[in-house]
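*Asks:* Dropping a structure here in structure tokens format, bear with me for questions.
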Amino acid sequence: MPSIKKNILYSIILSSSQYLVPLIVFPYISRVLGPDKLGLVNFIDGTIDYFIILSMLGMGTLGIREVALHKNNPKNLKSVFSSLIFLNLISTLIACCLLILSFFIFDSLRANPTLMLIGAIKLLFNVMLTEWLYKGLEEFRFITIRTLIVRLIFIISIFLFVRKSSDFISYYIILTGTVVGNALINIIHSRHYVHLQFSNIKITRFIKPFIILGGYTILTAMYTTFNIMYLGMISNDTEVAYYTTSCKIYGIVIAMFTAFTGVMMPRLSSLLADGQEDEFKRYIFKSIDLLMTFSIPIIAFGIVMAPEIVNLISGPGYEGTITPMRIVMPLVFIIGCEQIFVYQILIPSKKDHTVFINSIIGAVLGVSLNILIVQKLGAVGSSIVWVSSECCIFLLSQIAVIRVKNINFPYSNFFKYLTIFIPLSIILLVIKKHICNSYMTLLLGILILIAYTIAAQLLFLRNPEFISTIGKMTKYIKNTLHNN
17 MPSIKKNILY SIILSSSQYL VPLIVFPYIS RVLGPDKLGL VNFIDGTIDY
67 FIILSMLGMG TLGIREVALH KNNPKNLKSV FSSLIFLNLI STLIACCLLI
117 LSFFIFDSLR ANPTLMLIGA IKLLFNVMLT EWLYKGLEEF RFITIRTLIV
167 RLIFIISIFL FVRKSSDFIS YYIILTGTVV GNALINIIHS RHYVHLQFSN
217 IKITRFIKPF IILGGYTILT AMYTTFNIMY LGMISNDTEV AYYTTSCKIY
267 GIVIAMFTAF TGVMMPRLSS LLADGQEDEF KRYIFKSIDL LMTFSIPIIA
317 FGIVMAPEIV NLISGPGYEG TITPMRIVMP LVFIIGCEQI FVYQILIPSK
367 KDHTVFINSI IGAVLGVSLN ILIVQKLGAV GSSIVWVSSE CCIFLLSQIA
417 VIRVKNINFP YSNFFKYLTI FIPLSIILLV IKKHICNSYM TLLLGILILI
467 AYTIAAQLLF LRNPEFISTI GKMTKYIKNT LHNN
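Sequential numbering of the sequence shown, starting at 17, is according to my numbering.
Have a look at this one:
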């Protein structure tokens with residue numbers, strides 16, 4: 017079994033690229049395409065992503081769980097893989113039919129046939145992506161190397177082929193190409209572990225969890241991905257650009273913790289299958305402490321420095337992104353908690369039905385708020401909808417976790433973190449007041465964020481993993497200087 021530390025290291029490398037690629041590409045794309053064209057591409061892509069969610073249903077989560085359970089039995093693994101692929105193919109064909117129907121119903125989709133065709137290719141190739149196979153096998157080294165190669169090609173292609181506003185179609189082709197490339201590599205490489213077979217296919221036993229877990233994903237998308245589609249239909253491409261830009265910046269921040277969750281879920285499923293409850297709980301509390309260590313200072317920095325961050329990443333014309341970004345920044349913590357509750361506790365515990373019911377409540381709230389406030393408030397309204405729905409899911413998931421595993425969220429520790437990092441916000445506000453240059457403000461703010469976080473951990477919070485990492489880094493630097 018691969019080392020959990022190695023898997024986390026690979027995911028950190030992968031997540032760092034998820035930080036780096038948007039930081040390299042997005043400032044360029046947002047300036048070249050402008051809010052209107054960027055908003056148009058994001059609207060179409062958001063719509064396609066919603067149909068991808070419909071096609072995948074619960075495949076991502078179900079696949080990881082089932083592969084993790086059968087990875088030591090090649091015969092069973094081959095049967096599980098083939099069954100899940102055929103099930104996913106059926107759901108993808110249904111999603112394609114719904115996409116074609118939507119194209120003829122909605123004028124906003126029919127007005128962009130070329131983009132829709134490119135998006136349809138993305139939808140079709142997604143069935144071959146099979147990322148769940150490699151996560152279930154804990155092959156994070158392969159995922160990391162493959163993704164880094166594809167992302168490097170993506171970056172080069174963007175700067176070569178997207179030069180002016182009218183190149184928005186080229187941009188979407190390149191964006192779709194990353195999915196196609198990853199899918200082709202994955203399906204070819206999968207022959208090292210499994211082979212697609214047409215016998216011993218057992219689709220029926222997977223249908224129920226596929227639909228239930230998929231229902232959770234679809235309902236969750238009602239206040240995330242659906243927001244983009246709904247906003248584009250009742251508002252304009254510029255508002256879509258404001259909202260999606262704030263989501264993009266948030267996505268850069270949350271990528272690191274999402275990668276950690278992806279590493280932990282197959283390992284936690286195995287621990288529960290082996291009856292190792294104490295070890296399971298140890299990993300959970302480790303995850304929660306890591307989340308607070310990571311998220312709370314980042315949220316404080318993101319809210320205070322929102323204008324400077326938007327100016328750096330998006331440039332002029334995106335001032336409407338600042339308020340939505342400030343609204344969604346707390347989601348770094350809220351969604352991080354949800355990922356622990358849902359993907360590390362409830363789903364490994366096979367409480368799919370509970371997750372599904374909670375998602376129904378969150379979706380109803382999300383759709384209701386969309387109808388009530390988004391037409392009037394635009395991107396700000398979509399941000400409020402997202403945060404409100406996630407808060408609802410957070411509370412419901414916490415109640416379920418207490419009932420299922422008797423694991424309480426450490427609120428006292430949370431308020432301790434909150435109290436310690438309030439002065440950081442004040443220091444950052446003082447910097448903003450006395451330094452006029454936004455780039456200098458941001459640079460100094462980042463340095464203070466790092467220094468303050470390290471000092472807070474060493475003096476007050478003392479997270480064991482954080483302290484250990486700092487100690488190893490210090491030792492490495494000392495050895496390097498000594499050898500030189």
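All C-beta atoms in this analysis are idealised placements derived from N, C-alpha and C, irrespective of residue type, glycine included.
Can you give the Cα-Cα distance for L145 and V446, rounded to whole angstroms?
*Replies:* Start at 1 with the first residue of the sequence shown, and residue 145 comes out as number 129. Start at 1 with the first residue of the sequence shown, and residue 446 comes out as number 430. The alpha-carbon atoms of L145 and V446 are separated by roughly 48 Å.
*Asks:* Indicate whether the contact test is met: 3 or more Cβ pairs, each with one atom in the segment 215 to 232 and one in the segment 290 to 300, closer than 8 Å.
*Replies:* No, they do not touch.
*Asks:* Round the Cβ separation of T192 and I137 to the nearest angstrom and send it over; I've been treating them as touching at under 8 Å.
*Replies:* Taking the sequence shown and counting its residues from 1, one reaches residue 192 at position 176. Taking the sequence shown and counting its residues from 1, one reaches residue 137 at position 121. Between I137 and T192 the Cβ distance is about 6 Å, and since that is below 8 Å, they are a contact.
*Asks:* Could you tell me the boundaries of the alpha helix (DSSP H) in which F102 lies?
*Replies:* Here residue 102 refers to the residue found at position 86 of the sequence shown. It spans P90 to I121 - the alpha helix (DSSP H) in which F102 sits, taken as one unbroken run.
*Asks:* Does DSSP put G127 in a helix, a strand or coil?
*Replies:* To locate residue 127, count along the sequence shown from 1; it is residue 111. At residue 127 the sequence reads Ala, which differs from the Gly that was named. Three-state DSSP puts A127 in coil, outside helix and strand.
*Asks:* Can you tell me the Cα-Cα spacing of F42 and T337, whole angstroms?
*Replies:* For the purposes of this step, residue 42 is taken as residue 26 along the sequence shown, with counting starting at 1. For the purposes of this step, residue 337 is taken as residue 321 along the sequence shown, with counting starting at 1. About 14 Å.
*Asks:* Put S330 into one of helix, strand or coil per three-state DSSP.
*Replies:* Indexing the sequence shown from 1 puts residue 330 at position 314. S330: coil per DSSP, three-state reduction.
*Asks:* Please confirm whether P313 and L465 have their CB atoms less than 7 Å apart.
*Replies:* In the sequence shown, residue 313 corresponds to position 297, counting from 1. In the sequence shown, residue 465 corresponds to position 449, counting from 1. Going by C-beta atoms, P313 is nearer than 7 Å to L465.
*Asks:* Does the Cβ of L117 have 16 or more other Cβ atoms within 10 Å, making it buried, or fewer, making it exposed?
*Replies:* Position 101 of the sequence shown holds residue 117. Classification for L117: exposed.
*Asks:* Which residues in the same chain as F119 place their Cβ atom closer than 7 Å to its Cβ, once the five residues preceding and following it in sequence are excluded?
*Replies:* What you label residue 119 is simply residue 103 of the sequence shown in a count that begins at 1. Excluding sequence neighbours, F119 sits near L125, R126 and M132.
*Asks:* Please determine, among A395, G197 and I315, the residue with the shortest C-alpha to C-alpha distance to I438.
*Replies:* The count along the sequence shown starts at 1 and reaches residue 438 at position 422. Selected option, being the one with the closest Cα: I315.
*Asks:* Can you tell me which of the three DSSP states S404 falls into?
*Replies:* Residue mapping note: residue 404 aligns to position 388 of the sequence shown, counting from 1. Reduced to three states, the DSSP call for S404 is helix.
*Asks:* Tell me whether M75 is buried or exposed, calling it buried when 16 or more other Cβ atoms sit within 10 Å of its Cβ.
*Replies:* Along the sequence shown, read from residue 1 onward, the residue named residue 75 stands at position 59. It is buried - the Cβ of M75 has at least 16 other Cβ atoms within 10 Å.
*Asks:* Can you tell me where the alpha helix (DSSP H) with T435 in it begins and where it stops?
*Replies:* The residue you call residue 435 lines up with position 419 of the sequence shown. Start and end: Y427 to H450.
*Asks:* Under a three-way DSSP split, which group does V417 fall into?
*Replies:* Looking up residue 417 in the sequence shown gives position 401. In the structure shown, V417 sits in a helix (DSSP, three-state: H, G or I).
*Asks:* Are Y509 and A237 touching if we call contact CB-CB under 7 Å?
*Replies:* Residue 509 lies beyond the range of the chain shown here (17 to 500); nothing can be said about it.
*Asks:* Quick one: using the 10 Å Cβ neighbour count with 16 as the cut-off for buried, is A257 buried or exposed?
*Replies:* To locate residue 257, count along the sequence shown from 1; it is residue 241. That one is buried.
*Asks:* Buried or exposed for M281, please, with buried defined as at least 16 other CB atoms from any protein chain shown within 10 angstroms of its CB.
*Replies:* Counting from one through the sequence shown, the residue named residue 281 turns up at place 265. Caution is warranted here: a pLDDT of 49 is assigned to M281, below 50, making its placement in the model unreliable, and the coordinate value is therefore given only provisionally. Answer is buried; the Cβ neighbour count reaches 16.
*Asks:* Which residues in the same chain have their Cβ closer than 8 Å to the Cβ of F214, if we skip the five residues on either side of it in sequence?
*Replies:* Taking the sequence shown and counting its residues from 1, one reaches residue 214 at position 198. Taken in chain order, the residues that qualify are S98.
*Asks:* When you compare only the Cα positions, how much space is there between S484 and M72?
*Replies:* Taking the first residue of the sequence shown as position 1, residue 484 is located at position 468. Taking the first residue of the sequence shown as position 1, residue 72 is located at position 56. Computed Cα separation, rounded: 39 Å.
*Asks:* Leaving out five residues on either side along the sequence, give the residues of the same chain with a beta carbon under 6 Å from the beta carbon of S365.
*Replies:* Reading the sequence shown from its first residue, position 349 is the one you call residue 365. Excluding residues within five positions, the ones whose Cβ falls inside 6 Å are V420.
*Asks:* Could you check whether K53 and F184 sit closer than 7 Å to each other, using their CB atoms as the reference points?
*Replies:* Reading the sequence shown from its first residue, position 168 is the one you call residue 184. Reading the sequence shown from its first residue, position 37 is the one you call residue 53. A contact, by the Cβ cut-off of 7 Å.
*Asks:* Are the segment 203 to 214 and the segment 37 to 51 touching by the rule of at least three beta carbon pairs closer than 8 Å?
*Replies:* Cβ pair count under 8 Å is below three, so no.
*Asks:* State buried or exposed for E255, treating a residue as buried only when at least 16 other CB atoms are found within 10 Å of its CB.
*Replies:* In the sequence shown, counting from the first residue as 1, residue 255 sits at position 239. Flag for E255 reads buried.
*Asks:* I need the boundaries of the alpha helix (DSSP H) containing V210, first residue and last residue.
*Replies:* Here residue 210 corresponds to residue number 194 of the sequence shown, with the count starting at 1. Neither: V210 is in no alpha helix (DSSP H) and is coded neither H nor E.
*Asks:* Just the C-alpha distance for I69 and G230, rounded to the nearest angstrom, thanks.
*Replies:* Counting from 1 along the sequence shown, the entry for residue 69 is found at position 53. Counting from 1 along the sequence shown, the entry for residue 230 is found at position 214. Going from the Cα of I69 to the Cα of G230 covers about 8 Å.
*Asks:* Measuring alpha carbon to alpha carbon, tell me which of L139, H450 and H369 ends up nearest F109.
*Replies:* Your numbering for residue 109 matches position 93 in the sequence shown. Here residue 109 is Leu; the residue named in the question, Phe, does not match the sequence. The shortest Cα separation from L109 among L139, H450 and H369 belongs to L139.
*Asks:* Express the C-alpha separation of S405 and N332 in angstroms, rounding to a whole number.
*Replies:* As a working note, residue 332 is residue 316 in the sequence shown. As a working note, residue 405 is residue 389 in the sequence shown. Per the sequence shown, residue 332 should be read as Pro rather than Asn. If you take the alpha carbons of P332 and S405, they lie about 31 Å apart.
*Asks:* With the cut-off set at 7 Å, would you say Y104 and I60 are in Cβ contact?
*Replies:* Taking the first residue of the sequence shown as position 1, residue 104 is located at position 88. Taking the first residue of the sequence shown as position 1, residue 60 is located at position 44. It is Asn, not Tyr, that sits at residue 104 in the sequence shown. Contact flag unset, no.
*Asks:* Report the rounded CA-to-CA distance for L39 versus N92, giving the unit in angstroms.
*Replies:* What you label residue 39 is simply residue 23 of the sequence shown in a count that begins at 1. What you label residue 92 is simply residue 76 of the sequence shown in a count that begins at 1. The straight-line gap from Cα to Cα measures roughly 42 Å.
*Asks:* Verify whether the separation of the beta carbon atoms of G197 and V178 is less than 7 Å.
*Replies:* The sequence position of residue 197 within the sequence shown is 181, counting from 1. The sequence position of residue 178 within the sequence shown is 162, counting from 1. Result no, Cβ atoms of G197 and V178 do not sit closer than 7 Å.
*Asks:* For the putative contact between K224 and G152, defined by C-beta atoms under 8 Å, what is the C-beta separation to the nearest angstrom?
*Replies:* In the sequence shown, counting from the first residue as 1, residue 224 sits at position 208. In the sequence shown, counting from the first residue as 1, residue 152 sits at position 136. That belief does not hold up - the Cβ atoms of K224 and G152 are roughly 19 Å apart, past 8 Å.
*Asks:* Return helix, strand or coil for G230, following the three-state DSSP convention.
*Replies:* Numbered from 1 along the sequence shown, position 214 holds the residue referred to as residue 230. G230: helix per DSSP, three-state reduction.
*Asks:* Whether or not the segment 428 to 438 and the segment 366 to 376 are in contact is what I'm after, with contact meaning three or more pairs of Cβ atoms, one per stretch, closer than 8 Å; do they touch?
*Replies:* Touching, no.
*Asks:* Measuring CB to CB, does L440 end up less than 7 Å from Y468?
*Replies:* On the sequence shown, residue 440 is found 424 positions in, with the first residue counted as 1. On the sequence shown, residue 468 is found 452 positions in, with the first residue counted as 1. Going by C-beta atoms, L440 is nearer than 7 Å to Y468.
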